[in-house]
Every structure is written in C-alpha cells, then in structure tokens.
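Report on one structure; see the data block that follows.
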Amino acid sequence: MSNLQLADYAEALYAANDLDSAFRALEKEVHKLGFDDLLYSYIPGAVLEENSPFQPLFQVSSTFSVDLLSYYAEARLDRDDPLIKAIRDGISAPVHWWGSTCKSYTDADARSREVMNVSRDYGLYDGVTLPLLCGPVAIAGASFISKDKTGSQALLRQHSRSPMLNSMTRMFHNLVSANTGFLCHFTRPVFGSLNELEIQYLAGLASGKSQAEMAGKLNRSEKYLEQVMLKIRRKVSGVGPIDPPTINRNQLLYYAGLANIIAYSDKLTF
1 MSNLQLADYA EALYAANDLD SAFRALEKEV HKLGFDDLLY SYIPGAVLEE
51 NSPFQPLFQV SSTFSVDLLS YYAEARLDRD DPLIKAIRDG ISAPVHWWGS
101 TCKSYTDADA RSREVMNVSR DYGLYDGVTL PLLCGPVAIA GASFISKDKT
151 GSQALLRQHS RSPMLNSMTR MFHNLVSANT GFLCHFTRPV FGSLNELEIQ
201 YLAGLASGKS QAEMAGKLNR SEKYLEQVML KIRRKVSGVG PIDPPTINRN
251 QLLYYAGLAN IIAYSDKLTF
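According to full-length UniProt numbering, the sequence shown holds residues 1 to 270 in order.
Okay, structure coming up:
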C-alpha cells in the first residue's frame, strides 16, 4: 500500500459517522491484502472479571460466521479464549493462531484448545491477532483471518508484521478509543439494560457523589434511589425483577469504574 492509499484510507476512516462505517473502511483494506475476515473488540475490564456475567462484543466483517458468534457466546468461550489471555498477559507482538505463543495456552488448557478447534470447525482455518491495548480499564485487539485450508501461512507471515497493516489497524483503534460514542457500543454488555435515570445515578455515585447529593441532583428521594440501586444490581446481575442480585453495591461501582461510566454517561443511547 502506498502513502497515497494510506491517505485515502485515513480520509474514509475519519469521515465515518458511526462505528460500522469506520470498521468497513478498515475491512476493505484488510480484504485487499488477501484476508477473508476481520474481527475487532474493545473489552472493558468489567467483562474480564472472573465469573463476570457480561460477555464481550465483537465487531466483525460482513462474511464472518454468525453461527460461530452464537456458539461462542452460548458456550462462554471468551472465558478461555487463548487470544484474549495473551492480550491480558501483556503480549504485544502479533499472535499467530497456531504458533508457539497460542500453543502455550492451548497445551495447558483443554478449553483453550476447544476455542481454536471450534474456530476451525466453522471455517476459520488460520489467523493472526494484533494486540492493541492492555490495561485495567480494557483490552483490545484485532484478528486477521484466512478461510483457506492450505497455503494461508505464507500470507499470514507476509502481512502479520506489515507496518502498513499495523498502522491502519491502530488508526482505527485510536479512533474508537477517542470516540466515547464508539466506545459505548462495547460497554453495552455492562450498561445496555439501564435507563437514563439509572445511568445518571450510577455515574454520579462512581464519581464520588453521596446518596444525598444524587437525590438532590435527580430530584428523587434517597429511599427511592435505594430501590433504583436494587433494580440496577438485578439488571447487571442478569436475574429476574424479584430475584436477589448476585453482585453487591461495591461490586457494581467497581464495574462502573472499570467501564469508565463517568466518561460515557452523556454518550450512551437510551
């Protein structure tokens, strides 16, 4: 790719009005390099907590297997995904799906092996994952995928360390990171079920305001807000409206902090 082509990509990327349009600009360039599919995710820290009820959201190319995504979610494969583990462990170099880094995880854990084998069962025969972010607030990465049963490794070796592919992907990731509207898409597993009052209340508490201060700001009684808190805890726990929540107030505020709800509260779509 020439500098002119990179400039054209940047123009299309930064002209995007929404996450889908920005992703399509990157997907187009990735396809030009010979890859069949593209996957990107920004995973909030709250989703990565052990036994978290939340699941990550993935932005995927138009030809990506919907059935694979459904199975991945139903089986909670995110908890054992060796590529997610690698990024969480701070690995910054591109991770080949069948290379030594990924193998170190799959050799040690049967569930991690299942994740990779399931990918192949659904036609994703090879890939490279580029780690983009590792920290307590979130991790992020992009995967470039081949559906070719044979001959894909040369393509992967050629482009996985390509400075141009790296630059294009990081430009997209930086755009996502800087746009709270885009980031809100990836925080929906945590806060997507909450209404405007609940978001404002939770964001206020997470910012350090007291119950009394939030009662005044929201023009609600403290007793009423106690019931709002119980309702939020039930929603985030994923239980029914009369069932006991599985997370307490402190855990909820911890999740809110990890998902940076204070920065996102004015951008979330209700």
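Don't be surprised by glycine CBs; every beta carbon is placed ideally from N, CA and C.
Pull up the CB-CB distance for residue i and residue j, whole angstroms please, since I reckon it's below 8 Å.
i	j	result
L57	R188	7 Å
V176	Y42	6 Å
Hey, out of the options, whose CA is closest to residue i's CA?
i	options	result
F182	Y72, L197 and A22	A22
R234	E27, Y224, F172 and L252	L252
I199	I145, N174 and I261	I261
S119	L230, L33, S146 and L133	S146
H185	V66, L4 and D18	D18
P82	C102, D36, G204 and S92	C102
H96	M214, S143 and Y224	S143
M164	V115, L33, V236 and Y14	L33
A206	G257, P241, G192 and F172	G257
N195	F64, V236, V60 and I247	V236
Y40	D8, M171 and K149	M171
L6	L218, L26 and A16	L26
I91	M116, Q55, L132 and L124	L132
C134	D89, M116 and D148	D89
S162	V30, D148 and A15	V30
V47	S210, A16 and G192	G192
R24	E49, F64 and D148	F64
Rounded to whole angstroms, what's the CA-CA distance from residue i to residue j? Just pull it up for me.
i	j	result
Y72	A140	18 Å
G45	E11	31 Å
G208	E222	16 Å
F270	L4	Caution is warranted here: a pLDDT of 42 is assigned to F270, below 50, making its placement in the model unreliable, and the coordinate value is therefore given only provisionally. Near 40 Å, if we compare the C-alpha coordinates of L4 and F270.
N250	R220	22 Å
L268	S100	Its pLDDT being 49, under 50, L268 is placed unreliably in this model, and the value from its coordinates should be taken loosely. Rounded to the nearest angstrom, the two C-alpha atoms are 40 Å apart.
A38	T169	The sequence shown places Leu at residue 38, not Ala. Going from the Cα of L38 to the Cα of T169 covers about 11 Å.
Y255	D121	34 Å
residue 296	Y224	Limits of the chain in this structure are 1 at one end and 270 at the other, which puts residue 296 out of reach.
Y201	D126	45 Å
E74	S167	34 Å
G240	S52	17 Å
L13	E213	42 Å
L130	P94	5 Å
S112	T150	23 Å
Y105	L77	14 Å
K85	E114	14 Å
A108	V66	29 Å
D80	T180	28 Å
P245	M229	11 Å
Q55	L124	21 Å
A259	G204	14 Å
Q59	I242	34 Å
I232	W98	42 Å
L218	N248	22 Å
K28	A215	49 Å
Determine the extent of the alpha helix (DSSP H) in which residue i is found, giving its start and end residues.
i	result
S21	L19 to K32
F144	From DSSP, F144 is part of no alpha helix (DSSP H) but of the beta strand (DSSP E) over A138 to S146.
P44	First-last for P44: D37 to P44, but that is the beta strand (DSSP E), not the alpha helix (DSSP H).
residue 290	What the structure shows of the chain is the stretch from 1 to 270, and residue 290 is not part of that stretch, so it cannot be assessed.
R188	T180 to F191
N250	R249 to L258
L57	Unbroken run through L57: none, as it is neither H nor E.
P82	P82 to R88
D8	N3 to Y14
A206	E196 to A206
E213	Q211 to L218
K149	That residue, K149, is in no alpha helix (DSSP H); it is neither H nor E in DSSP.
T63	Unbroken run through T63: none, as it is neither H nor E.
S100	S100 to T106
Quick one: give me the first and last residue of the beta strand (DSSP E) that residue i is part of.
i	result
G123	Here G123 belongs to no beta strand (DSSP E), and DSSP marks it neither H nor E.
residue 288	Here the chain has residues from 1 to 270 only, and residue 288 is not among them.
Looking at residue i and the ligand SAH, is the gap between the Cβ and the nearest heavy atom below 7 Å?
i	result
I43	Inclusion of the ligand SAH in the displayed structure is not the case, the ligand content being empty and no account of it being possible.
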